[in-house]
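The next block holds one structure in the form of structure tokens; read it before the comments.
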Amino acid sequence: MKQFESFGLDTSNECLWRRDEQITLPPKPFAVLRYLVENPGRLVTHDELLDALWPETYVQPQVLRTYMLELRKVLEDDAKNPRFIQTLPKRGYRFVAPVTDSPAAETSAAPEAEAQAAKPAALPAAIVDRTNELARLQAHAQRAAGGHRQAVFVTGETGIGKTALVDAFCRQMGSTASVARGQCVQGLGRDEAYYPVMEALGQLCASSDGELACRALARLAPAWLAALGRAPASADGSSARPAPQERLLADLCAALEEMAAEKLLILVFEDLHWADDATVDLISALARRRAPARLLIVATYRPHDAASRHRVKELKQDLLMRRLGAEIELAALARPAVRQLIARELGQEALPPELGEFVHRHSEGNPLFAIAVLEHLIAQGILAREGANGESRWQQRAPFAEMEAAVPRELAQMIELEIERLNEREQRLLEAGSLMHVAFPTWAVAATLKEDVTQTEETCDDLARRLHFVHRAGEDELPDGTRSAFYVFAHEVYREVLYRRQPPSRRANSHIRIAERLGRIFAGREATVAREMAMHFEAAGDWQRAASALRAAARHACERQAIAEAEELLQRALRIAENLPETERKALLGVMQKELAEMREPSARSASEPLVLAKKA
Ligand SMILES: Nc1ncnc2c1ncn2[C@@H]1O[C@H](COP(=O)(O)OP(=O)(O)O)[C@@H](O)[C@H]1O
Ligand SMILES: [Mg+2]
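Going by the working numbering, 263 is the number at position 254 of the sequence shown; the sequence numbering is gapless.
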């Protein structure tokens, strides 16, 4: 037992004591605390913590912030004036309180418990099972490292573990490869060309090999560097002519090949069933080019998804046939693996006798579903942590009744049950969160609920603590200097369910409120967020304002010499304008066609015309 002030950390039973009161901590925050307490007085860097606690999984460093928040709350510690955990900004953490070993607990500890305590830390193990799949990915990486480019498709239903597998693989590769990932986002598929590609390029430029990446782009694909907002294509704008699509694609391939000349480059595209056509074209070109390159493309996708794009299937089939690619189909976990997964989630080896069988039957071996079933059992009080005197284990307290709604075969139904347990305001809050892509900031939720931001943030933090599917992911600084926390859903399927359960009229109103709030927050420089505003106006069916925001975004891109991007935005505005009534549409088309012509021929632009469009009512 490790003692600090009035707390005791019982490492063999994995629990925390405040004098005689036992405090239950989830496995991961417990492991973080344990690592800090076992390394008192010194700086523990973010990397060290992540390596120690998730040895084979890639984890966003932001999760540490979430756990620190949770730990500080439990320890009643204050970040500004820490008694226990000191934050060393951008570097890591230091446990500052003196730590002593309490002999009483040690003498009473059973030999087995002592042996356990000698293990490095309460490690949430890496992913369970999937050894074959990891080995196959490794084999492809090796071939790619030898200069034979590879494309691997990791496929399977929602929640089967595609992301978890690819994360574990990237983590294994460590620093032997540069890794960049791009997430395809639902709803952006048709229109936002190259969305995941831009994300991946941004990561490459910001990585430790960033200088190399930027140099390659500057030399071989300057238009892309400009589109990333990292450099103008040329100072005098002379090369600001739009390049044809094929040229852009070839340029980017060449730049990526240069980056992949020395060191293995792994490009991960997540959820390709939502990809835009341009991204699919890029993957196709990259996979087919002949020159040697140390390049591995890993793409995940759901083959049976209704949204699954025909083109993605075609691409995969074709690459498989030409032996340029491979498919790794993820199957459901077998019963022993489900049992291991439960043990990992609960942080305990010995499980109640029927638990593994029950979870396996109800989840059909889908890990995401298995975790949801487990959470369901805990929420119902059927599973609970019990014990005294430093002994505490998850126990079964009631028989496993068949679950409500018989067996909810669909994950969505299961999630729906979880959401219905929340109160009205909490449900509205999460629904508001689902209107944003990827992460949802507090200000957006507050705007939809017409609430004060502080109040919203408190509830968000509370939900993140109580629900297993919402995590606090970080903080943004807004232009006025205030900070706004943002949150993510553990899996996009939660976002989908929350999005779909809202009546369309409420959803539309909320989208409008978010767009308007964005405009107010970024007043004076709306152009920088115009793209995002357009997305919300479009989702709300406010075509007029969606088109006008896109035009502002196009102007902004044009100012940065990102001509191809500007043109694309205007094309999108044109498509949206198709929805307007005849007269308005004609007027707008006229203006936009002129704008398009001016972008193609910059000299045609009249000098007096302002670049940033005035806001349209
Ligand atoms: N092999 C595994 N071992 C442990 N946990 C897993 C495994 N596969 C998936 N999970 C967990 O299940 C959930 C869903 O997995 P995820 O990789 O996001 O699914 P997908 O990307 O296929 O939709 C995540 O919480 C993930 O950590
Ligand atoms: Mg995934």
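In this text, a Cβ means the ideal position worked out from N, Cα and C, and glycines have one as well.
Quiz item: Can you list, in chain order, the residues of its chain whose CB lies under 7 Å from that of GLN349, leaving out five sequence neighbours each side?
Solution: Mapped onto the sequence shown, residue 349 falls at position 340. Only VAL137 meet the Cβ criterion.
Quiz item: Can you name the residues that DSSP bridges to ILE169?
Solution: Mapped onto the sequence shown, residue 169 falls at position 160. The partner list for ILE169 (beta bridge, DSSP) is empty, contrary to what the question assumes.
Quiz item: Cβ of ALA153 within 8 Å of Cβ of LEU304?
Solution: By 1-based counting over the sequence shown, the position of residue 153 is 144. By 1-based counting over the sequence shown, the position of residue 304 is 295. Yes, the Cβ-Cβ distance between ALA153 and LEU304 is below 8 Å.
Quiz item: Does ligand 1 have a heavy atom nearer than 7 Å to the CB of THR641?
Solution: The structure shown does not extend to residue 641, since the chain is modelled only from 10 through 626, so no value can be given for it.
Quiz item: Which of helix, strand or coil does DSSP assign to CYS193?
Solution: In the sequence shown, counting from the first residue as 1, residue 193 sits at position 184. Correct three-state label for CYS193: coil.
Practice problem: Go to TRP26, then tell me how far its beta strand (DSSP E) extends in each direction, as first and last residue. | Solution: Taking the sequence shown and counting its residues from 1, the one referred to as residue 26 is at position 17. It spans 24-27 - the beta strand (DSSP E) in which TRP26 sits, taken as one unbroken run.
Practice problem: Evaluate SER184 with the Cβ neighbour count: other Cβ atoms within 10 Å of its Cβ, from every protein chain shown; 16 or more gives buried, anything less gives exposed. | Solution: Position 175 of the sequence shown, counting from 1, holds the residue named residue 184. The residue is exposed, with fewer than 16 neighbouring Cβ atoms inside 10 Å.
Quiz item: Around the C-beta of PRO345, are 16 or more other C-beta atoms found within 10 angstroms, so that it is buried, or is it exposed?
Solution: Working through the sequence shown from its first residue, we reach residue 345 at position 336. PRO345 should be labelled exposed.
Quiz item: According to DSSP, what are the bridge partners of PRO450?
Solution: Position 441 of the sequence shown, counting from 1, holds the residue named residue 450. Its beta-bridge partners are PHE495.
Quiz item: Does the beta-carbon distance from LEU583 to ALA566 come in below 8 Å?
Solution: Looking up residue 583 in the sequence shown gives position 574. Looking up residue 566 in the sequence shown gives position 557. No, they are not a contact pair.
Self-check item: C-beta atoms of CYS193 and LEU265 nearer than 8 Å
Solution: The residue labelled residue 193 in the question sits at position 184 within the sequence shown. The residue labelled residue 265 in the question sits at position 256 within the sequence shown. No; because the gap between Cβ atoms is not below 8 Å, this pair is not in contact.
Exercise. Taking 8 Å as the cut-off, decide whether the C-beta atoms of ILE351 and LEU383 are in contact.
Key: As a first step, residue 351 must be located in the sequence shown, where it is residue number 342. As a first step, residue 383 must be located in the sequence shown, where it is residue number 374. For ILE351 and LEU383, yes; Cβs fall inside 8 Å.
Exercise. Could you check the C-alpha separation between GLU413 and ASP60 for me, to the nearest Å?
Key: The residue given as residue 413 occupies position 404 in the sequence shown. The residue given as residue 60 occupies position 51 in the sequence shown. Any answer about GLU413 is weak, because its pLDDT of 48 lies below 50 and its placement is not dependable; what the coordinates show is given next. Distance between the alpha carbons of GLU413 and ASP60 is about 40 Å.
Self-check item: Which of helix, strand or coil DSSP assigns to GLN570
Solution: On the sequence shown, residue 570 is found 561 positions in, with the first residue counted as 1. GLN570: coil per DSSP, three-state reduction.
Practice problem: Can you grab the Cα-Cα spacing for the pair GLU535 / ALA586, in whole Å? | Solution: Reading the sequence shown from its first residue, position 526 is the one you call residue 535. Reading the sequence shown from its first residue, position 577 is the one you call residue 586. C-alpha separation (whole angstroms): 21 Å.
Exercise. Give a yes or no on contact between the region 483-499 and the region 423-438, applying the rule of three or more CB pairs nearer than 8 Å.
Key: no
Quiz item: Taking buried to mean at least 16 other C-beta atoms within 10 Å of its own C-beta, is GLY490 buried or exposed?
Solution: Reading the sequence shown from its first residue, position 481 is the one you call residue 490. Looking at its Cβ environment, which holds fewer than 16 other Cβ atoms inside 10 Å, GLY490 is exposed.
Self-check item: Local conformation of TRP63 per DSSP, three classes
Solution: Within the sequence shown, numbered from 1, the residue matching residue 63 stands at position 54. Three-state DSSP puts TRP63 in coil, outside helix and strand.
Exercise. Would you tell me roughly how many angstroms separate the C-alpha atoms of TYR420 and ARG311, rounded to the nearest one?
Key: Position 411 of the sequence shown, counted from the start, is the residue given in the question as residue 420. Position 302 of the sequence shown, counted from the start, is the residue given in the question as residue 311. The amino acid occupying residue 420 in the given sequence is Leu; Tyr does not appear at that position. Distance between the alpha carbons of LEU420 and ARG311 is about 15 Å.
Quiz prompt | Beta-carbon separation (whole angstroms), PRO488 vs PHE531, contact threshold 8 Å | solution = Here residue 488 corresponds to residue number 479 of the sequence shown, with the count starting at 1. Here residue 531 corresponds to residue number 522 of the sequence shown, with the count starting at 1. PRO488 to PHE531, Cβ: 6 Å. Contact.
Quiz item: What does a CB cutoff of less than 7 Å around ALA244 pick up in its chain, not counting 5 residues either side in sequence?
Solution: Residue 244 sits at position 235 when you count from the first residue of the sequence shown. With a pLDDT of 46 at ALA244, under the threshold of 50, the modelled position of that residue is not reliable, and the figure given next carries that caveat. Excluding positions up to five away in sequence, the list is empty.
Self-check item: Cutoff 8 Å: LEU265 Cβ touching any chain B Cβ
Solution: The displayed structure is made up of one protein chain only, and chain B is not part of it.
Quiz prompt | Residue from ARG475, ALA202, LEU426 whose Cα sits closest to the Cα of GLN580 | solution = Here residue 580 corresponds to residue number 571 of the sequence shown, with the count starting at 1. Checking every option, the nearest Cα to that of GLN580 belongs to ALA202.
Quiz item: Just curious, the alpha helix (DSSP H) that GLY50 is in, first and last residue?
Solution: Numbered from its first residue, the sequence shown carries residue 50 at position 41. Here GLY50 belongs to no alpha helix (DSSP H), and DSSP marks it neither H nor E.
Quiz item: Would the C-beta of THR172 count as close to ligand 2, meaning under 7 Å from any of its heavy atoms?
Solution: Position 163 of the sequence shown, counted from the start, is the residue given in the question as residue 172. Yes, the Cβ of THR172 comes within 7 Å of a heavy atom of ligand 2.
Exercise. Within its chain, find whatever has a CB closer than 8 Å to the CB of ARG100; leave out the 5 residues flanking it on each side and keep chain order.
Key: Counted from its first residue, the sequence shown places residue 100 at position 91. Excluding residues within five positions, the ones whose Cβ falls inside 8 Å are LEU52, THR54, HIS55.
Practice problem: Taking LEU305 as part of the alpha helix (DSSP H), name the residues at either end of that continuous run. | Solution: Taking the sequence shown and counting its residues from 1, one reaches residue 305 at position 296. Element bounds for LEU305: not the alpha helix (DSSP H) but the beta strand (DSSP E), 304-310.
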